[in-house]
Every structure is written in C-alpha cells, then in structure tokens.
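Engineer:
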Amino acid sequence: MSVTHDAGIQVRKAASLAERPAARGSPDINNPAAWIVAIILLIMPLIANGFFLIEIFATTLILGTIALSLMFLAGYGGMVSLMQLTIAGFCAYMVAVFGASGNANISLGWPWWLAVPMALTLATIFGTLGGALAVRTEGIYTIMITLAIGAAFYYFTNQNWAIFNGHTGINNVATPHFWGVNWRWDIPFYYVVLAVAAICYFAVDYVSRAPFGLALQGVRDNPRRMAALGFNVNAHRVAAYAVASFIAGLAGVLQVWNYRQISPGTVSVGACIDILIIAIVGGITRPVGPYIGALVFVLLRTFALDFLVKIGLDGNRFRLLIGLGFLAIVFWSSDGVIGLWQRWRRSQRPQADGAGGGRGHG
Amino acid sequence: MDSVAQRLSAVGAGAALELRGVTRLFGALAALTDVTITVRPGERRAVLGSNGAGKTTLFNCITGDFPPSSGTIRFFGEDVTHFPPYERIRRGLRRTYQISALFPGLTVQDNVYLACRGVSRGRFSFLRPGRNDALMYAADNLVQAVHLTAVKDRRVAELAHGQQRQLEIALALAGAPRFVLFDEPAAGLSPTERAELVEILTSLPAHIGYIIIEHDMDVALRVVESVTMMHNGRIFKEGLPEEIQSDPEVQELYLGGGHE
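For the record, the sequence lines run as chains A and B. Number 36 in my numbering belongs to position 36 of the first sequence; there are no gaps in the numbering. Number 4 in my numbering belongs to position 4 of the second sequence; there are no gaps in the numbering.
1. Counting only C-beta atoms, is B:VAL119 closer than 7 Å to chain A at any point?
2. Report the residue from A:ALA152, A:ALA88 and A:ASP186 whose alpha carbon sits nearest the alpha carbon of A:ILE125.
3. Locate the alpha helix (DSSP H) running through B:ASP110, then write down its first and last residues.
4. Near B:THR56, what residues of its chain come up, given a Cβ to Cβ distance below 8 Å and the 5 sequence neighbours on each side ignored?
5. Quick one: using the 10 Å Cβ neighbour count with 16 as the cut-off for buried, is B:ASN141 buried or exposed?
6. Using the C-alpha atoms, what's the distance from A:ILE275 back to A:LEU85?
7. Counting only Cβ-Cβ distances shorter than 9 Å, please list the residues of the stretch 62–82 of chain B near chain A, keeping chain order.
8. Assuming B:ARG277 is part of the beta strand (DSSP E), what are its boundary residues?
9. Using the Cβ count rule (16 or more neighbours within 10 Å means buried), how would you classify A:MET79?
10. How many angstroms separate the CA atom of B:LEU201 from the CA atom of B:ASN60?
11. Is it buried or exposed for B:TYR137, if we count other Cβ within 10 angstroms and need 16 for buried?
12. So A:ASP428 contacts chain B; which residues on that side make the cut at Cβ distance below 8 Å?
13. Looking at the unbroken alpha helix (DSSP H) that takes in B:VAL135, where does it start and where does it end?
14. Pick out the complete alpha helix (DSSP H) segments inside the stretch 207–242 of chain A, 4 residues or longer, and give them in chain order.
15. Between which residues of its own chain and B:LEU166 is the CB-CB distance below 7 Å, once the five residues before and five after are set aside?
16. Using only alpha-carbon positions, find the residue among A:ILE54, A:GLY289 and A:PHE307 that is nearest to A:GLY339.
17. For the stretch 39–49 of chain A against the stretch 268–283 of chain A, do three or more pairs of beta-carbon atoms, one drawn from each stretch, fall closer than 8 Å, so that the two count as touching?
18. Could you tell me the alpha carbon to alpha carbon distance between B:VAL227 and B:VAL47, rounded to whole angstroms?
19. If you draw a straight line from the alpha carbon of A:THR121 to that of A:ILE247, how long is it in whole angstroms?
20. According to DSSP, simplified to helix, strand and coil, what is B:THR36?
21. For chain A, check one thing: does any of its Cβ atoms lie closer than 7 Å to the Cβ of B:PRO85?
22. CA-CA distance, A:ALA152 and A:GLY131?
23. Here's the rule: buried if 16 or more other CB atoms are within 10 angstroms of the residue's CB, otherwise exposed. What is A:PRO21?
24. A:LEU313 by DSSP, collapsed to three states: which one?
25. Just checking, does the stretch 281–288 of chain A make contact with the stretch 168–178 of chain A on the three C-beta pairs under 8 Å criterion?
26. Could you tell me the alpha carbon to alpha carbon distance between B:PHE75 and B:GLY239, rounded to whole angstroms?
27. Buried or exposed, going by whether 16 or more other CB atoms sit within 10 Å of the CB of A:LEU70?
28. Contact criterion: CB-CB distance below 7 Å. Does A:ASN234 meet it with respect to chain B?
29. What's the call for A:PHE178, buried or exposed, on a 16-neighbour Cβ count within 10 Å?
30. Between which residues of its own chain and A:ALA242 is the CB-CB distance below 8 Å, once the five residues before and five after are set aside?
31. Taking only the alpha-carbon atoms, compute the straight-line gap between B:GLY21 and B:PHE179 and give it to the nearest angstrom.
32. By how many angstroms is the C-alpha of B:THR107 removed from the C-alpha of B:PRO248?
33. Which residues share a DSSP beta bridge with B:SER226?
34. Nearest to A:TRP113 by CA position, among A:ALA104, A:ALA100, A:ASN234 and A:ASN105, is which residue?
35. Going by DSSP, which residues form a beta bridge with B:TYR210?
36. Can you find at least 3 beta carbon pairs, one from the stretch 223–230 of chain A and one from the stretch 78–88 of chain B, that sit closer than 8 Å?
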C-alpha cells in the first residue's frame, strides 16, 4: 500500500526514540521510497478508475488534510481541537454561499476565484476566534470547548435558513471551469486535490523546523518555560489555530467541490470525531500520519459493509467493524499506524542478526 | 533597614532589581510577607533558607510566574509588577528552574535556539533559519559554553541529569541577560559538575548580576558577594557571606532545625 510505504521512510529516519515530532531537515528528499510514493500518487489516474480516484484517494487526501490541521495543533502544539472539521465545513458553506449554487436565493454567485479567498479568510477568522477561546483552557477543557463550537455550528446550520438553508443545505454548488477544463472532472480534480494536499503536507513539514513551529513544540513541551524565554505563549497558540484553520479551510473548499453540496450532516458532531479518529489512528507525531489514518478510515468505511456480507454477517454491523479496527490499532500502538510500523521496523532489526523471533506487527 | 543591599548599592534608580513590600498569598497561606530587596546591577547574591522559606516563590514573583499579591517590583528602574513573564524576560531578566524545565521532545540545539529566538525578533517566523543565521551561531556558542556540543543533536529526554542542569543554565544565558535568577542550579550534580558550575558562574561577564538559591554553601558562598537569609516567607538577615556564615542565629536556623 503506497501511503504506508511513505510512513516507513519517515519513521526509519527518526526511529530512535521519537514519541514526539522533532523531525530534522526534510526527511523525504533523500528517500527513494518517498519518491516511489510520489510517483505512484502522480500516475494514479493511469492505475485507478474513477471510483478509486475520487471516492478513495481524493477523499482520503481531503480528509487527511483536515486531519493534518488537527495533527499540526495536537502533535506540535499539544492542543486537541475537535472543531477542525467544523472549520472546513464552515469554509465549504462559505464557498457555496458566496459562489454559485442551485439555491439562487442564498448564493451570491461570485466567481470561484473571489468566493474561495473570501471563504478561506472567513474560515481562518472563525477558527482563530474559536482558538482564542480555546487557548484559555488546557487538555480536556480544550477538547470540550472545541467540541461545543462544533456542536453549536451543527445545530445552527440545521436551524438557520437564511444563510445555511437549514437541514437541506446548499446543493449543486458550482465548481471551477477555466482554460477549457472542468476542474471537477475526475482526473483534473484528483490533481487539484493532490496538489493542495501536497502543499499543505510540505508546508507543515517545513514550518515544523522554522522558528514558529519549533516554538509551538516548545509550547507543547513546557508552556511555562516558553514564557520564561520571552515567548507570548497564548499568542503563539492562537497563531497556530489560525494556520490550522487555513489548512482546514482549504480542505473544506475541496470537500464542497467534491460533493457539490454541503449540508449539516457533513458537519455533524460524529464527523468532527471522525477527524480525531483519523489523526489518532494514523499517528499525530508527523504530518504523514493523518493521511495514513484517512486512507484506513476511507477503506474501512467503503468496504467494511461488503466484507461483512461476504463472510455471512449482517452488513449493517459495518460500524462495529470500523470501531474494532480502530480499537485494535490504538490498543497496540499509542502512536497509531506510524507507531506500529516503527515497532515492526525495530523488531526486524534484531531478526537481521539472526534472532528471527521478533513480534512483527503491522 | 540596615542591609548590605543598601550599603552596597546606590539605592533607587540605579538598582537592577528592587522589590518593595512584596507579599504573595496562596489562599490564607503567606508564602512571602513584605519582602524588600534591592540588588544593584552586576551584584551577585545568594538567597538561603530552609525548605518553605519562600525562596522559589520569591523568584516566581520576580519573573511573574506568580504575580505578587501586593508590593512593587522594579527591574532597572521600570515597574514590572504587572508585566507578564515574557515582557520581563525580553527586558533582560532570566531564570532557571529548580526542577529542570526543558523541552524534552526537542534537541539540545533546538532548546537553546528557542531561548535565543525568544529574546529576539522573528518569534513567529515561518522561514527556517539559514546556514548563516546569527541566532544559530549564538546557540552553538551557548551550547559550547555549557559543554554540551557533543550531544547537541540529541533529544533532551535522552540527556543525563547533569547535562540537563547545564542546558537549564544555557537557556537562561541566551540573548543579552542583565540579571539572572538561578534556582538551585547544583541540585543533583556530582562534585565535578559542581566545580564546572562554579566555573560557569564565576566566568559570567561582570555586568550580569544574579541571585542564586543554593543549599550547598561550598557553591553558594564561592560565587556571591552578598547573602540574603529567608525564613518563613520573610527576609531574616542580609549580609556579607562571612557575616552570615558566622551568625549564630543563622547557624541555629540552618543547623538546629529552625525553631523560633
């Protein structure tokens, strides 16, 4: 599986003791396997049919990018925010409201190149304000506040008809057409999604070694000491929320273009928690984790039902299978799939010396 | 008050650190009561006292980790009583912690780099430091000054206790410190490491003053020129090291279990 390969590379790089992200340099450039993954992702349209391209891989990249924004906050900043999907959803709604859609009474009909920057700006402001509230708390209270924001937004979209069109949401959202290309056709859209995901991934990786990202990791490890080094800890946390909101917003734009509609169901509390599951299952110590988690999630969500029917069980129990899968991953590894892979690598090494009995797990 | 501080310093505007009537309450408990201290620039002073005497609380009030309940604190003439910690740090105040307060997930180099970055511009910079980054160079020098160059790319969580204590000091010396608060820097150090610590402290530039909390008299009295003795949250006695050492009341407090 391509994405898991990618994990291996990065993990091996820092396999020493990395329970927390402290990646050095750019881990990918000198790694042949990373290049292979990149090439596979680039030529995916040649391998995969439309269903796999969009329903599996584009969806994975979109969800992975939302989870990446959570990974940025939680892995580097130590702040678990459950409102990342809400911010993406808010941005999706704003694209639908400012752009063109089937609901002409609501949508303003701006061209996409105006509607998208507007939506991103508003989503970033929204997430930053939420973050400014959340940074006054720590740990479980941060989770509660951000979950409350997510829940409030869900119920608000359900009940507000003037802008959010209540529980029916906004349908037939226009997608960009230019240079003679309909960018929502499967192959162009896949490349748009891939480009955005790659930019977000490399940006997060880059910033993690820049002063801002390092300081964020300092805030995670010891906020009090950061203040005693001259850093305004809360300002740093709020700025991290702003960055994460922008990333989530980008994914929100892709999401509304993907489904061409947005409704409260997309921003439900359950969906907020899905993002947390994705990030935790993949591993929040490095940016590739959320994408692995998203792939696992999307594959399970898509194929669990068929799988259950095939082995003679009630297909409606597919959520049980998803739950068990996640339980197993988290039970055996506190750092998700990345952690499992890391442990497997470590168990392989003594085997190479001839021991042979390592407890492989992957 | 007949204090060495007054004898040694030109009182008032010239003081590096001036506390007046500083009191800190934790609920009904007074951890500090009416503490008045003046320290002149470049002065090196030890604060002694038994556990619970209020030494660390004094530091926390000076840095703003816990602001004082009442009283005023001036740093080089500026009233910083209501400043958040980072504003005081940016003005040249530094501190170390009794229990190492480092960033275990980051490397030694990154820890020191953060300390250098914290007191300069570009704290929010999204650009990675380049090859000729001045702060990277400063961080390298600091790492070298505390003898940690060999482990500079190791994560702090992997360091030995003594190395962590040295890093603790390096973090406090980043940028251009004007006054440093050392909270038991020798805690848990071996005799060799203690000697190194004394060397680091005595080789600090003369304009950098400090207050050191230290139980080890061998360390404390070799690196200071004045001593403040605290007891039950109050200033108990101030004097020259020899005066304090030979003071019968102090000896009774330190050696005789501290009964009133």
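Glycine included, C-beta positions come from ideal geometry on N, C-alpha and C.
Structural biologist: According to the data block:
1. Taking the first residue of the second sequence as position 1, residue 119 of chain B is located at position 119. Yes, because at least one Cβ of chain A sits closer than 7 Å to the Cβ of B:VAL119.
2. Along the first sequence, one-based indexing puts residue 125 of chain A at 125. When only C-alpha atoms are compared, the closest one is A:ALA88.
3. Along the second sequence, read from residue 1 onward, the residue named residue 110 of chain B stands at position 110. 108–118 is the span of the alpha helix (DSSP H), which, as asked, contains B:ASP110.
4. Position 56 of the second sequence, counting from 1, holds the residue named residue 56 of chain B. Contacts found: GLN98, ASP183 and ILE213.
5. Here residue 141 of chain B is taken as the residue at index 141 of the second sequence, counted from 1. Exposed is the call here.
6. For the purposes of this step, residue 85 of chain A is taken as residue 85 along the first sequence, with counting starting at 1. For the purposes of this step, residue 275 of chain A is taken as residue 275 along the first sequence, with counting starting at 1. Each residue's alpha carbon lies about 7 Å from the other.
7. THR63, GLY64 and ASP65
8. For chain B, the structure presents residues 1 to 260; residue 277 of chain B sits outside this window and is missing.
9. Indexing the first sequence from 1 puts residue 79 of chain A at position 79. Its Cβ being crowded by 16 or more others within 10 Å, A:MET79 is buried.
10. Working through the second sequence from its first residue, we reach residue 201 of chain B at position 201. Working through the second sequence from its first residue, we reach residue 60 of chain B at position 60. Cα-Cα distance, rounded: 21 Å.
11. In the second sequence, the residue the question calls residue 137 of chain B occupies position 137. Counting Cβ neighbours within 10 Å, B:TYR137 comes out exposed, since fewer than 16 surround it.
12. Outside the displayed range of chain A (1 to 362) lies residue 428 of chain A, so it cannot be described from this structure.
13. Within the second sequence, numbered from 1, the residue matching residue 135 of chain B stands at position 135. In the sequence under discussion, the amino acid at residue 135 of chain B is Leu, which differs from the Val named in the question. 134–145 is the extent of the alpha helix (DSSP H) around B:LEU135.
14. 211–221 and 223–227
15. Here residue 166 of chain B refers to the residue found at position 166 when the second sequence is read from its first residue. Looking at the sequence provided, one finds Gln at residue 166 of chain B rather than Leu. Closer than 7 Å at Cβ, skipping near neighbours: VAL146, HIS147 and LEU148.
16. By one-based count along the first sequence, residue 339 of chain A stands at place 339. It is A:GLY289 whose Cα lies nearest to the Cα of A:GLY339.
17. no
18. For the purposes of this step, residue 227 of chain B is taken as the residue at position 227 of the second sequence. For the purposes of this step, residue 47 of chain B is taken as the residue at position 47 of the second sequence. Near 6 Å, if we compare the C-alpha coordinates of B:VAL47 and B:VAL227.
19. Position 121 of the first sequence, counted from the first residue, corresponds to residue 121 of chain A. Position 247 of the first sequence, counted from the first residue, corresponds to residue 247 of chain A. Whole-angstrom Cα-Cα distance: 11 Å.
20. In the second sequence, residue 36 of chain B corresponds to position 36, counting from 1. B:THR36: strand per DSSP, three-state reduction.
21. Along the second sequence, one-based indexing puts residue 85 of chain B at 85. Chain A, which has a Cβ nearer than 7 Å to the Cβ of B:PRO85, makes this yes.
22. Here residue 152 of chain A refers to the residue found at position 152 when the first sequence is read from its first residue. Here residue 131 of chain A refers to the residue found at position 131 when the first sequence is read from its first residue. Distance between the alpha carbons of A:ALA152 and A:GLY131: 15 Å.
23. Reading the first sequence from its first residue, position 21 is the one you call residue 21 of chain A. Reliability fails at A:PRO21, whose pLDDT of 44 lies under 50, so the model's placement of it is uncertain and no value is given.
24. Translated into positions along the first sequence, residue 313 of chain A becomes position 313. Correct three-state label for A:LEU313: coil.
25. no
26. Sequence index remark: in the second sequence, residue 75 of chain B carries index 75 (1-based). Sequence index remark: in the second sequence, residue 239 of chain B carries index 239 (1-based). Taking the straight line joining both Cα atoms gives about 22 Å.
27. In the first sequence, the residue the question calls residue 70 of chain A occupies position 70. Result: buried.
28. Working through the first sequence from its first residue, we reach residue 234 of chain A at position 234. No - not a single Cβ of chain B is within 7 Å of the one on A:ASN234.
29. Residue numbering aside, residue 178 of chain A sits at position 178 when the first sequence is read from its first letter. Answer is exposed; the Cβ neighbour count stays below 16.
30. Along the first sequence, read from residue 1 onward, the residue named residue 242 of chain A stands at position 242. Correct list, in chain order: THR124, GLY127, THR128 and GLY131.
31. Indexing the second sequence from 1 puts residue 21 of chain B at position 21. Indexing the second sequence from 1 puts residue 179 of chain B at position 179. Computed Cα separation, rounded: 21 Å.
32. Sequence index remark: in the second sequence, residue 248 of chain B carries index 248 (1-based). Sequence index remark: in the second sequence, residue 107 of chain B carries index 107 (1-based). Rounded to whole angstroms, B:PRO248 to B:THR107 spans 48 Å at the Cα level.
33. Counting from 1 along the second sequence, the entry for residue 226 of chain B is found at position 226. According to DSSP, B:SER226 bridges with B:ARG45.
34. The residue given as residue 113 of chain A occupies position 113 in the first sequence. Ranking the options by Cα distance to A:TRP113, first place goes to A:ALA100.
35. One-based indexing of the second sequence puts residue 210 of chain B at position 210. Partner(s): B:ARG44 and B:VAL180.
36. yes
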